[in-house]
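Asker: First the structure, which I've put down as structure tokens, then a few questions once you've had a look.
Residue numbers (this note's numbering): 9 to 94.
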């Protein structure tokens, strides 16, 4: 599986979460490590970071789903958005 394949699968799953949460994959940080893929993700709701507990729960569910359906081992790494400079 290629990096582009992993990003596409993860993007598809994250888009279905809803609840007003927007996810952004930090594509430069996506990397394989043996049989795992590390995928850094920023989660926001109305421009504010989402509580870590919520993202960890969402990420765990999607990690399990990707493993069961695609045999893909993914580890989401919660990332925080950079503050915008004006």
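The beta-carbon is built from N, C-alpha and C at its ideal position, and this holds for glycine as well.
#1: Nearest CA to the CA of residue 31: which residue from 21, 42, 11?
#2: Specify, as a first and last residue, the run of the beta strand (DSSP E) that residue 83 falls within.
#3: Suppose contacts are defined by Cβ-Cβ distances below 8 Å. Is residue 29 in contact with residue 58 by that definition?
#4: With distances taken Cα to Cα, identify the nearest neighbour of residue 56 among 17, 37, 87.
#5: What do you get for residue 18, buried or exposed, if any count of 16 or more other CB atoms within 10 angstroms of its CB means buried?
Answerer: Well, looking at it:
#1: 21
#2: 81–87
#3: yes
#4: 87
#5: buried
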